[in-house]
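First comes the structure, then the notes that go with it.
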Amino acid sequence: MMQTLTGPCFVISLTVFVVGMLVRAVWYVRGLDWRLERVAYAYHKDRSIPGALVSIGKWLVPGGTQGWRTQPVAAIAFFLLHFGAVLIPLFLLGHTVLLEHHLGISLPALPQGLADLLCIASITGLILIGVRRFTSPVLQQLNTRQDWFVLVLTFLPFFTGFMARLDIGAYDTWMLLHVLTGELFLVLAPFTKLAHIVLFFMSRAQLGMDFAIKRGGDSRGGAYPW
Amino acid sequence: MSQILCSPTPVTTQDGIRALLADKGGEEYYKQMRALPVDQNALANDLQQTCKSRTRTWLEICAHCGMCADSCFFYKANNNDPAQIPSYKIQSTLGEMLKRKGKVDTAFMMHAMDVAWGQCTCCNRCGLYCPHGIDTGVMFSYLRGILFKHGFVPWELKIGSGMHRVYGAQMDVTEEDWVDTCEWMVDENSDEWPGLEIPVEKEGCDVMYICNAREVKHYPEDLARAAILFHVTGTSWTVPREGWETTSLTMFAGDWEGCSQNLERIYAAVERLKPKMVVGTECGHAHRATVVEGPYWAGRESGDAPVPFLHYVEWVAKVLREGKLKLNPSKKIKVPCTLQDACNYVRNDGLGRYTREIMSYIAEDFREMSPHNEHNFCCGGGGGLNGIGLYRKERNIGLKHKLDQIRATGAQLVVTPCHNCWDAIRDMMEVYEEHNIKWTFLKPLLIDMMEIPPNIEHVSQE
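Here the protein sequences come in this chain order: A and B. For what it's worth, the working numbering labels the leading residue of the first sequence as 1, then goes sequentially. For what it's worth, the working numbering labels the leading residue of the second sequence as 227, then goes sequentially.
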């Protein structure tokens, strides 16, 4: 069972994830239309490239933008989740072994202590996001079942993986659940809001270009300051 | 049976405009709208054409994180009403329309109209606060386009779009009215300013000046002041006979075809008169329509206008910097004053640096609003909202937010180089009975403060 899950099932789910995300990225770029959006994408590269990069880069840094600074609670919750959500799947020792075995990709592994810390941070971030959703009238208005589903879908691989790591009983069961929920995440990501894993970069780059090319880039000397 | 006033067809005749104007307050117009059927197949097709990967991605990846809520002045001014969250507003209108693939009824379209014009001014502030880079204001602008195409547009904007299509201006100002007004303003002021000219249709000047039909129709002294400032700075300038109107109620209405027609008139004037640059009056949306979005409506692939198009504040900053316009430092504004940043040329064209440069010349006690510049809040009347009677109540609630922001500075004067902001600020002072704060365009301030060079003849009228 475990061998099938970490063998062919893993390869299939990873393929669905990678191909799905690539398709979404390509579909996004192909769907851009300079006339409709009124953004001269092909012109003013001196402004548009920095515009796109700054628009992505500043939002990747905690406190890097006015938006993050004015909403510190949301920002803390998101960053707590996302550091681990990006680093652990790629660089946790167990994961790097799988990736090397199946794909021949060799990535450096995170020190165990740091990995533990990131995992706890991510779980804390997810809980904070959940609490925020329960307590904020804004989020009660906005949140749908899909939002909760995505939150749970993200929580499960972290939680099960961490339970297995703690090794306080039923290690095999937790590990099995971890692999299952992790693969479920990979398979569903391209078809849910989790597609923001790539579309965040697309959308941010687009708006960065929009501001740099059209909405004041010339007056501001390039990228929007965010 | 009464005449058809509300339909998906744009108004293109004088008779059509007269009929709409005769329907006071749009009573019959809205009555007809309530019975206007939705062509669902055409709507599905329009959604398909309008919502491509950018918009669909925006609607789909919105994480419902709520960070846009506090960025919206409507949300704040309405006591944090969850129905005013930008994400909710767009998801429940355009998002829902897409989900249902255009299978929506008249009531839904009218609700979408209420939200698109009565709860969003397309100020684009929320776009700065969304981690995913979702610009809800942009989506609302496209939603307006779809609604316009199907006849669900506020009465005043249906008229506004018609005015542009029929008169080439937002008001019924004909070419003759325009040229007459230019001559009249010269006559009115030539005793004081011998040699003052408003050169119409002169080729090869440095500056071609374009303005707002309202100035021509309701306060032509603004045109006279522009002429005096060009005269005093020794600027070689002209105004076109056709293509002088730079505003675009068609943009507020979502009438993209009308937007293109406006642009073609202005660009044709540029082609005819070959000025080195074009300067537009103190208007925000006019700048957005002509300079920021305009080149695209004119089909220009580079997204740039054919010659540099300057907002009035850019031109003023330039002549101050170059010393062509000298101000008497003793006449600087003494009272505490603040500056209204117009969304359309500050957030959406980065010109805040020029208005601040100007403030350094004219004000002794300049106080920034908080937040300001790119992050400033809409005046409360942008996006066409000032002119829509149906949403007057909603607008007046929103105005309070800007009034609080102004009051917090302690300013007694608001420098407001934008027609819409100017109107909104005038109205908020009246609605909320604030009598101690004044507001002004730049031109009258500059005329009061300027030093007249020795080569310019001036006969004081006092």
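All C-beta atoms, glycine included, are put in the ideal place defined by N, C-alpha and C.
- Of the candidates A:115, A:139, A:216 and A:63, A:115 places its Cα closest to the Cα of residue 166 of chain A.
- In the DSSP assignment, residue 520 of chain B falls within the alpha helix (DSSP H) that extends over 520-523.
- Look at residue 333 of chain B: its C-beta is not under 8 Å from any C-beta on chain A.
- Check the Cα spacing between residue 235 of chain B and each of B:402, B:620, B:279 and B:388: the tightest is with B:388.
- A residue is called buried once 16 or more other Cβ atoms fall within 10 Å of its Cβ, and residue 143 of chain A is buried on that count.
- In the three-state scheme derived from DSSP, where H, G and I count as helix and E and B as strand, residue 551 of chain B is classed as coil.
- For residue 250 of chain B, the number of other beta carbons within 10 angstroms of its own is below 16, and it is reported as exposed.
- Residue 671 of chain B and residue 496 of chain B have their C-alpha atoms spaced approximately 29 Å apart.
- For residue 563 of chain B, the enclosing beta strand (DSSP E) covers residues 563-565.
- For residue 32 of chain A, the secondary structure class from DSSP, reduced to helix, strand or coil, is coil.
- Listed as beta-bridge partners of residue 339 of chain B by DSSP are no residues whatsoever.
- Proximity of chain B to residue 35 of chain A at the Cβ level (cut-off 8 Å) is accounted for by 522 and 525, in chain order.
- Residue 646 of chain B and residue 10 of chain A have their C-alpha atoms roughly 59 Å apart.
- For residue 316 of chain B, not one C-beta of chain A is nearer than 8 Å to its own C-beta.
- Residue 436 of chain B has B:506 as its beta-bridge partners, per DSSP.
- Distance from the CA atom of residue 535 of chain B to the CA atom of residue 458 of chain B, rounded to whole angstroms, is 21 Å.
- When A:205, A:211 and A:197 are compared, the shortest CA-CA separation from residue 289 of chain B is found for A:197.
- Secondary structure note for residue 379 of chain B: it is in no beta strand (DSSP E), with a DSSP letter that is neither H nor E.
- About 19 Å separates the beta carbons of residue 509 of chain B and residue 464 of chain B, which is beyond the 8 Å limit, so they are not a contact pair.
- Judged by DSSP secondary structure, residue 5 of chain A falls outside any beta strand (DSSP E); it is assigned neither H nor E.
- Under DSSP, residue 559 of chain B takes part in a beta bridge, and its partners are B:589.
- Using a C-beta cut-off of 8 Å, the stretch 260-278 of chain B makes no contact with the stretch 302-313 of chain B, since fewer than three inter-stretch Cβ pairs fall below that distance.
- Contact of residue 195 of chain A with chain B is assigned, a C-beta pair being separated by under 8 Å.
- When the beta-carbon positions are compared, residue 639 of chain B and residue 588 of chain B stay at least 8 Å from each other.
- Contact of residue 191 of chain A with chain B is not assigned, every C-beta pair being separated by 8 Å or more.
- Against chain B, a Cβ distance below 7 Å from residue 207 of chain A picks out 353, 359 and 361.
- Taken atom to atom, the span from the alpha-carbon of residue 641 of chain B to that of residue 664 of chain B is near 9 Å.
- Ranking B:347, B:343 and B:351 by CA distance to the CA of residue 295 of chain B puts B:351 first.
- Per DSSP, reduced to three states, the secondary structure at residue 329 of chain B is coil, with no helix or strand assignment.
- A contact between stretches requires three or more CB pairs, one per stretch, nearer than 8 Å, and the stretch 566-580 of chain B meets this requirement with the stretch 201-221 of chain A.
- If one requires a minimum length of 3 residues, the beta strand (DSSP E) runs lying completely within the stretch 603-675 of chain B are 639-641 and 664-666, in chain order.
- Straight across, the Cα-Cα distance linking residue 391 of chain B with residue 237 of chain B is about 7 Å.
- Proximity of residue 70 of chain A to chain B, defined by a Cβ-Cβ separation below 8 Å, is satisfied.
- Here residue 449 of chain B is buried: its Cβ has 16 or more other Cβ atoms, across all protein chains shown, within 10 Å.
- Distance between residue 344 of chain B and residue 257 of chain B, taken at the CA atoms: about 18 Å.
- Assigned with DSSP and collapsed to three states, residue 226 of chain A falls in coil, not helix or strand.
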